[in-house]
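Residue numbers (full-length UniProt numbering): 1 to 257.
C-beta atoms are modelled at their ideal positions from N, C-alpha and C, and glycine is treated no differently.
As the structure is a computational prediction, the values presented were derived from the model and not from experiment.
Heads up: the structure comes next, in C-alpha cells.
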Ligand SMILES: Cc1cc2nc3c(=O)[nH]c(=O)nc-3n(C[C@H](O)[C@H](O)[C@H](O)COP(=O)(O)OP(=O)(O)OC[C@H]3O[C@@H](n4cnc5c(N)ncnc54)[C@H](O)[C@@H]3O)c2cc1C
Ligand code: FES
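Now the structure itself:
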C-alpha cells in the first residue's frame, strides 16, 4: 500500500465528493485511464476491506477521486479531513482500450473514470478523445464536474430524469438518436440498467460496445473470486484483472439487474 496526504475532500453535490490525494509523482505516473485503485478508508478495522475507485484525474502530484456516498465505507471517506493520511493500492485492472471514433456514455457517478481519459487523450498518443460525451443524471445537481469536462472542447450532451438540465429523460435515448445518425463505438459506465440498454443498442446498431463494470471487490489481484462476472462462453471473468472494461459481447449480461 502507498500513502498519500488528503489535500481536499469537497462536496460537489448531495452525496458526491471530490477527494484530492497528494502522492509521489513516480507512483501516479504508472496509472492509466480505466484502471482503478483500492483505498483503505479507515485505519481501524471497520470497514476492513479497502474500497475500489476509478482515477478521476491526475494533476502533477495530486490524484483526484470522484465518489458517491452509498454505504459505510464511502460515508467514512466523506468524513476524512485535509491533512489526514490515506493508504491506497494501485494501479489495478486493465486500462481502457485504445479506440478511435467512439462516444462516451456516463450515467451518474459513472462519469468518474472518464476525466482521466480526457486528460490523457489530449495529445492523441496513448488514447484518443471521444467524438461526444453523453452524460445523464437524476437531476441538475448531480451533473458534476461540468467546468472540468468542458475544458477539453468535446461536445457534451446532458440529460436529467427530471428535466432540470439538458434533455428530459434517459441518456440512452440520446445515445440511440446519435447511433441512428452515426453508428460509432460506445464506451459506457453507469448503473446496471443503463449498461444493459447500452449493450442492446450496441447490438441493434452493430457497433462495438465496451462496458465498464462494477462488482464487489475483495483482493483486487485475481486470487479470491470475489469479483467474478459470467462470460458468454460459460466461464467467469475477473473484474479485477480482466476488467473493469469488457466488450459487451463477451459478458453474459443476464446477471445485471
Ligand atoms: C473498479 C471499480 C471502480 C469504482 N469506481 C468508483 C468511483 O470512481 N466512484 C464511486 O463513487 N464509486 C466507484 N465504485 C463503487 C465503489 O467502490 C462502491 O460504491 C464502494 O465500494 C461502496 O462502499 P461502501 O462501504 O460505501 O458501501 P457498502 O456499505 O459496502 O455498500 C452499500 C451499498 O452499495 C452497494 N454496493 C457496494 N459496492 C458495490 C458495487 N461495487 N457494485 C454494486 N453495488 C455496490 C451495496 O449492495 C449496498 O447496497 C467503483 C467500483 C469498482 C468495482
Ligand atoms: S477481487 Fe479477488 S479475484 Fe478479483
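According to the DSSP assignment, residue 173 belongs to the alpha helix (DSSP H) that extends over 171-181. Rounded to the nearest angstrom, the gap between the Cα atoms of residue 48 and residue 183 is 45 Å. The closest heavy atom of ligand 1 lies 7 Å or more from the beta carbon of residue 62.
Membership of residue 78 in the alpha helix (DSSP H) is indicated by the continuous run 72-78. Taking the C-beta atoms as reference points, residue 116 is found nearer than 8 Å to residue 55. Inclusion of residue 254 and residue 89 in the CB contact set at 8 Å is not warranted, their separation being larger than that value.
Taking residue 73 as reference, the option from 85, 53, 58 with the minimal CA-CA separation is 53.
Around the beta-carbon of residue 30, fewer than 16 other beta-carbon atoms lie within 10 Å, marking it exposed. Distance from the Cα of residue 33 is smallest, within the candidate group 201, 127, 256, for 127.
At a cut-off of 3 residues, the continuous stretches assigned as beta strand (DSSP E) that sit fully inside the UniProt domain "FAD-binding FR-type" (1-98) are 2-13, 16-22, 36-40, 51-54, 57-59, 62-68, 85-92. With contacts defined as CB atoms closer than 8 Å, residue 227 and residue 239 qualify as a contacting pair. Secondary structure note for residue 132: its beta strand (DSSP E) is the uninterrupted segment 132-137.
It is roughly 15 Å from the alpha-carbon of residue 28 to the alpha-carbon of residue 113. It is roughly 7 Å from the alpha-carbon of residue 6 to the alpha-carbon of residue 86. Counting along the chain, the unbroken alpha helix (DSSP H) around residue 199 starts and ends at 192-204.
Residue 107 sits away from residue 1, with the two beta carbons spaced by 8 Å or more. By the criterion of at least three beta-carbon pairs nearer than 8 Å, the stretch 157-176 is in contact with the stretch 120-136.
For residue 111, no beta strand (DSSP E) segment is defined, and its DSSP state is neither H nor E.
For the pair residue 4 and residue 12, the Cα-to-Cα distance works out to about 21 Å. If you draw a straight line from the Cα of residue 218 to the Cα of residue 181, it is about 42 Å long. Residue 189 and residue 110 have their C-alpha atoms spaced approximately 5 Å apart. Remark: the C-beta of residue 1 is outside contact range of ligand 2, defined as less than 7 Å to any heavy atom. Rounded to whole angstroms, the separation of the alpha carbons of residue 252 and residue 144 is 31 Å. Secondary-structure assignment with DSSP links residue 120 through no beta bridge to anything.
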